[in-house]
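Number of protein chains: 2
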Amino acid sequence: MTDPAAFTSDDYAARMTRAADAAAAAGLAGVLVAPGPDLSWLTGYRPTAITERLTLLILRPGKAPVLMVPALERPDAEAAAGAPALEMRDWRDGDNPYAGVAPLLGNRGAFGMSDTTWALHLLGLQRTLPELRFTALTDGLPMLRAVKDAHELARLAGAGAAADEAYGEIVGVAFAGRRELDVAADLAGLLRKFGHEQVDFTVVGSGPNGANPHHEAGERVIQDGDTVVLDFGGLRHGYGSDTTRTVHVGEPGEEVRKVHDIVREAQQAAFEAVRPGVACEEIDRVARRVITEAGYGEWFIHRTGHGIGVTTHEPPYMVEGEKQPLVPGMCFSIEPGIYLPGRFGVRIEDIVTVTPEGGRRLNNTDRELRIVR
Amino acid sequence: MTDPAAFTSDDYAARMTRAADAAAAAGLAGVLVAPGPDLSWLTGYRPTAITERLTLLILRPGKAPVLMVPALERPDAEAAAGAPALEMRDWRDGDNPYAGVAPLLGNRGAFGMSDTTWALHLLGLQRTLPELRFTALTDGLPMLRAVKDAHELARLAGAGAAADEAYGEIVGVAFAGRRELDVAADLAGLLRKFGHEQVDFTVVGSGPNGANPHHEAGERVIQDGDTVVLDFGGLRHGYGSDTTRTVHVGEPGEEVRKVHDIVREAQQAAFEAVRPGVACEEIDRVARRVITEAGYGEWFIHRTGHGIGVTTHEPPYMVEGEKQPLVPGMCFSIEPGIYLPGRFGVRIEDIVTVTPEGGRRLNNTDRELRIVR
Numbered sequence: 001m002t003d004p005a006a007f008t009s010d011d012y013a014a015r016m017t018r019a020a021d022a023a024a025a026a027g028l029a030g031v032l033v034a035p036g037p038d039l040s041w042l043t044g045y046r047p048t049a050i051t052e053r054l055t056l057l058i059l060r061p062g063k064a065p066v067l068m069v070p071a072l073e074r075p076d077a078e079a080a081a082g083a084p085a086l087e088m089r090d091w092r093d094g095d096n097p098y099a100g101v102a103p104l105l106g107n108r109g110a111f112g113m114s115d116t117t118w119a120l121h122l123l124g125l126q127r128t129l130p131e132l133r134f135t136a137l138t139d140g141l142p143m144l145r146a147v148k149d150a151h152e153l154a155r156l157a158g159a160g161a162a163a164d165e166a167y168g169e170i171v172g173v174a175f176a177g178r179r180e181l182d183v184a185a186d187l188a189g190l191l192r193k194f195g196h197e198q199v200d201f202t203v204v205g206s207g208p209n210g211a212n213p214h215h216e217a218g219e220r221v222i223q224d225g226d227t228v229v230l231d232f233g234g235l236r237h238g239y240g241s242d243t244t245r246t247v248h249v250g251e252p253g254e255e256v257r258k259v260h261d262i263v264r265e266a267q268q269a270a271f272e273a274v275r276p277g278v279a280c281e282e283i284d285r286v287a288r289r290v291i292t293e294a295g296y297g298e299w300f301i302h303r304t305g306h307g308i309g310v311t312t313h314e315p316p317y318m319v320e321g322e323k324q325p326l327v328p329g330m331c332f333s334i335e336p337g338i339y340l341p342g343r344f345g346v347r348i349e350d351i352v353t354v355t356p357e358g359g360r361r362l363n364n365t366d367r368e369l370r371i372v373r
Numbered sequence: 374m375t376d377p378a379a380f381t382s383d384d385y386a387a388r389m390t391r392a393a394d395a396a397a398a399a400g401l402a403g404v405l406v407a408p409g410p411d412l413s414w415l416t417g418y419r420p421t422a423i424t425e426r427l428t429l430l431i432l433r434p435g436k437a438p439v440l441m442v443p444a445l446e447r448p449d450a451e452a453a454a455g456a457p458a459l460e461m462r463d464w465r466d467g468d469n470p471y472a473g474v475a476p477l478l479g480n481r482g483a484f485g486m487s488d489t490t491w492a493l494h495l496l497g498l499q500r501t502l503p504e505l506r507f508t509a510l511t512d513g514l515p516m517l518r519a520v521k522d523a524h525e526l527a528r529l530a531g532a533g534a535a536a537d538e539a540y541g542e543i544v545g546v547a548f549a550g551r552r553e554l555d556v557a558a559d560l561a562g563l564l565r566k567f568g569h570e571q572v573d574f575t576v577v578g579s580g581p582n583g584a585n586p587h588h589e590a591g592e593r594v595i596q597d598g599d600t601v602v603l604d605f606g607g608l609r610h611g612y613g614s615d616t617t618r619t620v621h622v623g624e625p626g627e628e629v630r631k632v633h634d635i636v637r638e639a640q641q642a643a644f645e646a647v648r649p650g651v652a653c654e655e656i657d658r659v660a661r662r663v664i665t666e667a668g669y670g671e672w673f674i675h676r677t678g679h680g681i682g683v684t685t686h687e688p689p690y691m692v693e694g695e696k697q698p699l700v701p702g703m704c705f706s707i708e709p710g711i712y713l714p715g716r717f718g719v720r721i722e723d724i725v726t727v728t729p730e731g732g733r734r735l736n737n738t739d740r741e742l743r744i745v746r
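Protein sequence lines, in the order shown, are assigned to chains A and B. FYI, the numbering for the first sequence is 1 to 373, going by my numbering. FYI, the numbering for the second sequence is 374 to 746, going by my numbering.
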């Protein structure tokens, strides 16, 4: 895999224009973005720390994007790849930064606000501009980053392929007799070996720990006869991977095989339901129906999937109530699971992208129940 | 240095009661806390990831604290040290978590909201409970975590002493001919060697890079004759360190000596001004006056200090406009600097705590201009 070309100032300018236009189409006066994944996606700027000092990107249809930054962070902001497309303004400690941005926002209408903006800043803006309304980007422009262009898709496919290579090697390591944390460290090393610059999670849920879908990895020593959930991912060239396979130490019993088959069938059915125009909630329903009909519905305790891009969790969400239709270029996880408290869990997850013809998996390792040692 | 005892469920219960009482005294109906430093300080709970799924601590005077968590994160939350003092409730994907907490909040009055709560969640609560008002904790209860008890002070003193030991060793390494990044890696290693579990920043600002107070460390190779700003810190046993010294590679010239003397004098004057009852802004003014009278006022481009505790940046802020009087037990930085663009910078920083008699430094290394090689 060769390295993708870096995004240019023109790429970022195009994204900012797209965001401002989408805001106008949604009836918003503009978009406000604090440090976090939206800001890095729109400008390439990723401050070294997210702090109480306001940094805010202001996008308005038909106007140049403005980045308000603390004076002492301005040199860093000016070094960002998207900086040439920005009008930069700064403020100093002791100034009121909310008053500083007020003239840019006017006093009418609603602005979309990046989800991760601190409440401190939103409340500061609301206090300064009581006539303005605000809506979270997930609510107001949920699909802003959801449809990936070809360059982004290539990066996501590369991240997925790298995660697959990591899986290919992890099934060869010793499980029985080692702690979950040791296998997790192996997984992190493999993700880095295959090009990830950031490891976000390396879940190793053995035996009863696998029944807690949010368990990471702990001191438990893996036993012969354990089912082990492996869920791992991170960022490679700035884009995310996230895949889950469930393996078994030694020969599995009948119930584990049965539960694994049900989850695999649910995952396959949801994958086959992917096509443009289908509502996100339908993907959840399809997976859930398979598991419910098999009698395990109450043990599938989370949604079926989430979007992925410059973060490993973002819209669109495959969850009941999400009416958003699928659009070619969207990328998200399909990850049904069954969790039997105190006993074991099974989850199978691939990243899938929507094409005009249907779904395409970005993870392509074997979904059978793999036996490890 | 021996390890401090872990905080107990009773410690966390006492903090939550204190917070609810402080809210009542400030005329607030309660306090709402999302994952972040306030939540870990109040409950010991630090979720593995901060996500779009709502986790919210609800504190109301005279009522038991409630923690609303996503169902799949409940086992982790129940493992937190403060969990026995909490009433735990959960919600599942597809539920509306804002509607879930609404009955606990009523429809009157104002709630303090942790600064770092995502705008997504604040907007969700505002939409669900339009009659409620919200204020950031920094505005509504700015001093909630500001006054440290004896156990916290011991941890902060231990973190400061460990940072001082790191400084004691870093002045012995080679600077000239090595990249800033190499010296920064040495600093990170030393912080860990002396007991830090988390390194937050290792600024190495050599020559002109020292004139950018937010520069971290880069590829620049340090030269003989460079002034080098070293600003480093992190968490040790959960509490922060943060200290800055400016060193010189080889013999400094007259101007560097002069600027360093002015900054040292400003830092000393601000330290001597610390005593209970003095307003925070006065500490800033004292430092600024020294630098302004020496003719460098326009090159001191940031506030004089910030509080420190379970984070390395928190109230109280030593900044013009902050009228909060100092109270024994507060801990904050005093860190004046002079930044000459394109040339060099000087900053000197100690953490200081307020005692009934005045200030006490938690950093005690030499503040002279040290010559390194």
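Yeah, the Cβ is synthetic: ideal placement off N, Cα and C, and Gly gets one too. The model shown is predicted, which means the values in this text are computed figures rather than measured ones.
Comparing the C-beta of Ser614 of chain B with each C-beta of chain A, is any distance below 9 angstroms? no
Could you tell me the boundaries of the beta strand (DSSP E) in which Ala509 of chain B lies? Arg506 to Ala509
Using only alpha-carbon positions, find the residue among A:Val66, A:Arg92, A:Gln324 and A:Met68 that is nearest to Thr677 of chain B. A:Arg92
When we look at the beta-carbon of Ile371 of chain A and count the other beta-carbons within 10 Å, is it buried (16 or more) or exposed? exposed
Output the boundary residues of the beta strand (DSSP E) element that contains Ile334 of chain A. Cys331 to Ile334
Suppose only complete runs of 4+ residues qualify. What are the alpha helix (DSSP H) ranges in the region 571–622 of chain B, listed by chain order? none
Burial state of Val700 of chain B, where buried means 16 or more other Cβ atoms lie within 10 Å: exposed
DSSP on Phe271 of chain A, reduced to helix/strand/coil? helix
When you compare each of B:Arg447, B:Glu730, B:Leu554 and B:Ile721 to Glu741 of chain B by their alpha carbons, which one comes out closest? B:Ile721
So with CB distances below 8 angstroms, who are the chain A contacts of Ala472 of chain B? What Ala472 of chain B touches in chain A: nothing, since even the nearest Cβ is about 12 angstroms away.
Looking at C-beta atoms only, is the number of pairs between the region 272–282 of chain A and the region 117–132 of chain A that lie closer than 8 angstroms three or more? no
Straight-line CA distance for Ala398 of chain B to Leu412 of chain B? 21 angstroms
Any beta carbon from chain A within less than 9 angstroms of Ile349 of chain B's own beta carbon? Outside the displayed range of chain B (374 to 746) lies residue 349 of chain B, so it cannot be described from this structure.
Verify whether the separation of the beta carbon atoms of Ala590 of chain B and Ala547 of chain B is less than 9 angstroms. no
In the region 50–65 of chain A, which residues sit with their C-beta less than 8 angstroms from some C-beta in chain B, listed in chain order? Thr51 and Glu52
Taking beta-carbon pairs under 9 angstroms, can you tell me which members of the region 502–517 of chain B lie near chain A? Phe507, Thr508, Ala509, Leu510, Thr511 and Asp512
My output table needs one value for Leu459 of chain B: the three-state DSSP class, helix, strand or coil. coil
Length of the line joining the Cα atoms of His260 of chain A and Val346 of chain A: 6 angstroms
What's the call for Pro336 of chain A, buried or exposed, on a 16-neighbour Cβ count within 10 Å? buried
Mind checking if Phe574 of chain B is an interface residue toward chain A, Cβ cutoff 9 angstroms exclusive? yes
List the whole-angstrom C-beta distance separating Ala29 of chain A from Ala136 of chain A, where the pair is believed to meet the contact cut-off of C-beta under 8 angstroms. Actually they are not in contact, since the Cβ atoms of Ala29 of chain A and Ala136 of chain A sit about 15 angstroms apart, beyond 8 angstroms.
Anything in chain C within Cβ reach of His237 of chain A, meaning under 8 angstroms, just list it in chain order. Of the protein chains in the structure, A and B, none is chain C.
Have a look at A:Val221, A:Ala64, A:Asp95 and A:Met143 and flag the residue whose alpha-carbon is nearest the alpha-carbon of Ala83 of chain A. A:Ala64
Inter-residue Cα distance where the pair is Ile431 of chain B and Glu165 of chain A: 44 angstroms
When the Cα atoms are used, what is the spatial distance from Gly613 of chain B to Leu517 of chain B? 17 angstroms
Does the CB of Leu713 of chain B have a neighbour CB from chain A at under 9 angstroms? no
Proximity winner among A:Glu314, A:Arg343 and A:Val199, relative to Val256 of chain A (alpha-carbon distances): A:Arg343
Find the residues of chain B that neighbour Thr116 of chain A, judging by a C-beta separation of less than 8 angstroms, and give them in chain order. Trp491, Ala492 and Leu493
Closer than 9 angstroms to chain B by CB, Met1 of chain A: Legend: pLDDT at Met1 of chain A = 49, less than 50; position of this residue unreliable, no value from coordinates given.
Please report whether the beta-carbon of His319 of chain A lies at a distance below 9 angstroms from any beta-carbon of chain B. Contrary to the premise, residue 319 of chain A reads as Val rather than His in this sequence. Judged by the 9 angstroms Cβ criterion, Val319 of chain A is in contact with chain B.
Same chain only: Cβ atoms within 7 angstroms of Lys729 of chain B, ignoring 5 sequence neighbours per side: Position check: residue 729 of chain B holds Pro in this sequence, whereas Lys was assumed. Only Pro649 and Pro701 meet the Cβ criterion.
Ile170 of chain A - DSSP class collapsed to helix/strand/coil: helix
Which chain A residues sit within Cβ distance under 8 angstroms of Ala379 of chain B? Those within 8 angstroms of Ala379 of chain B in chain A number zero; the least Cβ separation is about 17 angstroms.
Could you confirm whether any beta carbon from chain B is found closer than 9 angstroms to the beta carbon of Thr48 of chain A? yes
Take Val576 of chain B and list the residues in its own chain whose beta-carbon comes closer than 6 angstroms to its own, dropping the five residues that flank it on each side. Glu589 and Asp604
Taking Cβ positions only, does Asp449 of chain B come closer than 9 angstroms to chain A? yes
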